[in-house]
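See below for the structure under consideration.
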């Protein structure tokens, strides 16, 4: 593995999802915003889990889900993220490696358990998340491997994890190494609240270190202070050499540093089941296309195709080979 | 909890299922019989898991699935089974308690990890199982609680776990306590191979200790040496005061110690998705009905209703309230 070229290396939260049904009152009781995400500590995680319905466990994590999509698209993916030396950590590692992802981050041996996201699903099929980061927050410079970064076309960072000071330092270090080796960097803003909480830190980070910025409309509004594309475009060009803004069923728009924005239509899913993971899947297709040197429209279409598959079933990782779908669509 | 009357107390393997897709060659490679179950050790579990596709984790165990159905039917269930002090053990315990099941067995603190069943699903949707019992096999007399047994109408034992000598001794002890307190006992034969391997031990156990014997047609043939109901009936009457034989879509037949056999029609599912857990769900309905003093046909119909729900979706535990369904059907 250690001399293999990689398309995309992801840096993100290593998390196992716990999914269970609930009613709206349950969310109110624990202050979980409907359709949103809050961070909780170990005691809160125990309290909420004790009251949750029987669940199903499945590997998750925003960035890790994107890297799983990279692998499903036939790309070569790497992942950097922290689990503990426990059963959930073993499951997380297995599920990435089973897809052919290079994942060598040493587990945390003296600290909290593997992180988990308690996902409560209301009868309207909406998912509301309470995340106990656990070991996931303990990414440090020691987890950054120059050899790996030198082999990766694009290093891709998760905004959620940027909130942890040690992880933030590790992101900066990884970006410096990517630059040193002539490689590109990408960041997803993850969540509008995440942008608002760390606005002063994230803007210079993007300006100084990030080539490709990914966000949805709400996150774009949070970082650019506008939801008008004409106002956003010059600000985006000032910040990154490419900005991708996803707009759900209205498709995405790609704003390059020079030249006109490119509109990418959304691809309608066979059936809309669960939108969780749509942004991660889109990021995977776009970044894999860019890593392979596709022109913007084709790279965006690969993102739209991946997102379309992931929202057609429950669960944030692909249920069938994205590479097969992309081949049928003539995109790879 | 400790003074609550219970309808059914289950004694079985405390297991977490790991489900993943595979092709037929994968099963051949590891000698896993298609549609069947083999026991594996920790090294084999690691070897098979390392090669498995990404998976989903969900609480399982034959008897524990039945007790989950008891709870879903509105019954009061208890469970006795052994997990380790680890994350999978916490998940197993949570999922039973979240349904209101009384589950107080002390976890194993010095021994193997929580048991798991590696379930590989071939493209024809058939499930083939390789079970690493781990802590589940460590049930002993110390886990038998006379107070709990005295509160339970029926103590229900899993044939799979009967293969462990210490658990077998615990089963005998629990049966003696049930008898002492005027309560009934039930056993599922679990698997034809399981009957064949321990024929000399299981026949006297049933004759001396078990009131209600549950089996499918293959297990009935293994223990009674015939698949002809006319030949089976007198042998069944000799062995137990009630024998229930399930025959998939042909329904079940109940053979009481005295009187004529009662035919119970199967209830067709809305859609047949996954037959895993059908026998456990049937057992739950039947035993809950018997615990409540229903006549045989009504108790059997409650079993058929529970089985029908469980086979209409993926997963061996009910996806909706069995009590609601039973109420609509006029069975409770």
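Chains as they are written, first to last, in this note's numbering: chain A, -4 to 327; chain B, -4 to 327.
For glycine and all other residues, C-beta sits at the position ideal for the given N, C-alpha and C.
Quick caveat, the model's predicted, so the values are computed rather than measured.
Fill in: beta strand (DSSP E) segment containing residue 14/A, residue limits
Looking up residue 14/A in the first chain gives position 19. Taken as a continuous stretch (DSSP letters only), the beta strand (DSSP E) holding residue 14/A covers 10 to 16.
Practice prompt. With a threshold of 16 other CB atoms inside 10 Å of the CB of residue 8/A, please say whether the residue is buried or exposed.
Written response: As a working note, residue 8/A is residue 13 in the first chain. It counts as buried.
Worksheet entry | Complete runs of the alpha helix (DSSP H) confined to the stretch 218 to 269 of chain B [at least 4 residues] | 224 to 234
Fill in: Beta-carbon proximity list for residue 154/A, same chain, < 6 Å, skipping 5 on both sides
As a position in the first chain, residue 154/A is number 159, starting the count at 1. So the qualifying residues of the chain are 183, 184, 185, 189.
Fill in: Which residues DSSP lists as bridging residue 115/B, in chain order
Numbered from 1 along the second chain, position 120 holds the residue referred to as residue 115/B. Answer is 15/B, 123/B.
Fill in: Candidates 181/B, 25/B, 316/B, of which the one nearest residue 238/B by Cα
Against the second chain, residue 238/B aligns to sequence position 243. Of 181/B, 25/B, 316/B, the residue nearest in Cα terms is 181/B.
Item to complete: List the DSSP bridge partners of residue 74/A.
Response: Within the first chain, residue 74/A is the residue found at index 79, counting from 1. Partner(s): 5/A, 98/A.
Discussion item. Does residue 179/B come out as helix, strand or coil in the three-state DSSP assignment?
Written reply: Indexing the second chain from 1 puts residue 179/B at position 184. It is a strand residue.
Fill in: residue 201/B - containing alpha helix (DSSP H), residue span
Here the question's residue 201/B lines up with position 206 in the second chain. Run containing residue 201/B: 194 to 204, per the alpha helix (DSSP H) assignment.
Discussion item. Please report the distance separating the alpha-carbon of residue 117/B from that of residue 293/A.
Written reply: The residue labelled residue 117/B in the question sits at position 122 within the second chain. The residue labelled residue 293/A in the question sits at position 298 within the first chain. Distance between the alpha carbons of residue 117/B and residue 293/A: 34 Å.
Discussion item. Less than 8 Å between CB atoms is the rule here; does residue 163/B satisfy it with respect to chain A?
Written reply: The residue given as residue 163/B occupies position 168 in the second chain. No - not a single Cβ of chain A is within 8 Å of the one on residue 163/B.
Worksheet item: How about residue 295/A and residue 255/A: are their beta carbons less than 8 Å apart?
Response: Taking the first residue of the first chain as 1, we reach residue 295/A at position 300. Taking the first residue of the first chain as 1, we reach residue 255/A at position 260. Against a cut-off of 8 Å, the Cβ pair of residue 255/A and residue 295/A comes out as no contact.
Discussion item. For residue 147/A, report the span of its beta strand (DSSP E) as first-last.
Written reply: Along the first chain, one-based indexing puts residue 147/A at 152. Start and end: 147 to 153.
Worksheet item: Mind listing which residues of the stretch 34 to 61 of chain B have their C-beta closer than 9 Å to chain E's C-betas, in chain order?
Response: The chain labelled as chain E is not found among the protein chains of the depicted structure, namely A and B.
Practice prompt. Please compile the residues from chain B whose C-beta is within a distance smaller than 7 Å of the C-beta of residue 89/A.
Written response: Within the first chain, the letter at position 94 stands for residue 89/A. What residue 89/A touches in chain B: 44.
Discussion item. Cutting at 8 Å between CB atoms, please list the residues of its own chain near residue 299/B, excluding the five before and the five after it.
Written reply: Translated into positions along the second chain, residue 299/B becomes position 304. Closer than 8 Å at Cβ, skipping near neighbours: 246, 247, 259, 260, 261, 262, 277, 280.
Discussion item. For a quick check, are the C-beta atoms of residue 241/A and residue 211/A less than 8 Å apart?
Written reply: Locating residue 241/A in the first chain gives position 246, counting from the first residue. Locating residue 211/A in the first chain gives position 216, counting from the first residue. Contact: yes.
Worksheet item: Taking the alpha carbon of residue 227/B as the point to measure from, which residue in 250/B, 205/B, 244/B has its own alpha carbon closest?
Response: What you label residue 227/B is simply residue 232 of the second chain in a count that begins at 1. It is 250/B whose Cα lies nearest to the Cα of residue 227/B.
Worksheet item: Is it true that the CB of residue 76/A sits closer than 8 Å to the CB of residue 137/A?
Response: On the first chain, position 142 is the one that residue 137/A refers to. On the first chain, position 81 is the one that residue 76/A refers to. No.
Item to complete: Assess, as a yes-or-no matter, whether the stretch 50 to 58 of chain A is touched by the stretch 79 to 98 of chain A under the definition of 3 or more beta carbon pairs within less than 8 Å.
Response: yes
Worksheet item: Does DSSP put residue 314/A in a helix, in a strand, or in coil?
Response: Start at 1 with the first residue of the first chain, and residue 314/A comes out as number 319. Coil.
Practice prompt. Determine which residues share a DSSP beta bridge with residue 110/B and list them.
Written response: Taking the first residue of the second chain as 1, we reach residue 110/B at position 115. Beta-bridge pairing links residue 110/B to 10/B.
Discussion item. Does any residue of chain A have a CB that is nearer than 8 Å to the CB of residue 71/B?
Written reply: In the second chain, the residue the question calls residue 71/B occupies position 76. It does not: the Cβ of residue 71/B has no partner Cβ on chain A nearer than 8 Å.
Worksheet item: Is there at least one Cβ from chain A nearer than 8 Å to residue 18/B's Cβ?
Response: Mapped onto the second chain, residue 18/B falls at position 23. No, because no Cβ of chain A sits closer than 8 Å to the Cβ of residue 18/B.
Worksheet item: What does residue 81/B reach in chain A if we use C-beta pairs closer than 8 Å?
Response: One-based indexing of the second chain puts residue 81/B at position 86. Near residue 81/B (Cβ distances below 8 Å), the residues of chain A are 81, 82.
Worksheet item: Taking the continuous alpha helix (DSSP H) assigned at residue 134/A, which residues delimit it?
Response: Locating residue 134/A in the first chain gives position 139, where the first residue counts as 1. Here residue 134/A belongs to no alpha helix (DSSP H), and DSSP marks it neither H nor E.
Worksheet item: Three or more beta-carbon pairs under 8 Å between the stretch 57 to 73 of chain A and the stretch 61 to 70 of chain B, yes or no?
Response: no
Worksheet item: Around the C-beta of residue 244/A, are 16 or more other C-beta atoms found within 10 angstroms, so that it is buried, or is it exposed?
Response: If you number the first chain from 1, residue 244/A lands on position 249. With fewer than 16 Cβ atoms within 10 Å of its Cβ, residue 244/A is classed as exposed.
Worksheet item: residue 94/A touches chain B at which residues, Cβ-Cβ below 9 Å?
Response: Mapped onto the first chain, residue 94/A falls at position 99. Chain B residues near residue 94/A: 48, 49.
Discussion item. If I follow the unbroken beta strand (DSSP E) through residue 34/B, where does it start and stop?
Written reply: Here residue 34/B refers to the residue found at position 39 when the second chain is read from its first residue. 32 to 35 is the extent of the beta strand (DSSP E) around residue 34/B.
Worksheet item: With 16 as the cutoff for other CB atoms within 10 Å, does residue 178/B come out buried or exposed?
Response: As a working mapping, residue 178/B is identified with position 183 in the second chain. Residue 178/B is buried by the Cβ-count criterion.
Worksheet entry | Reduced DSSP secondary structure (H/G/I, E/B, other) of residue 79/B | Taking the first residue of the second chain as position 1, residue 79/B is located at position 84. Strand at residue 79/B.
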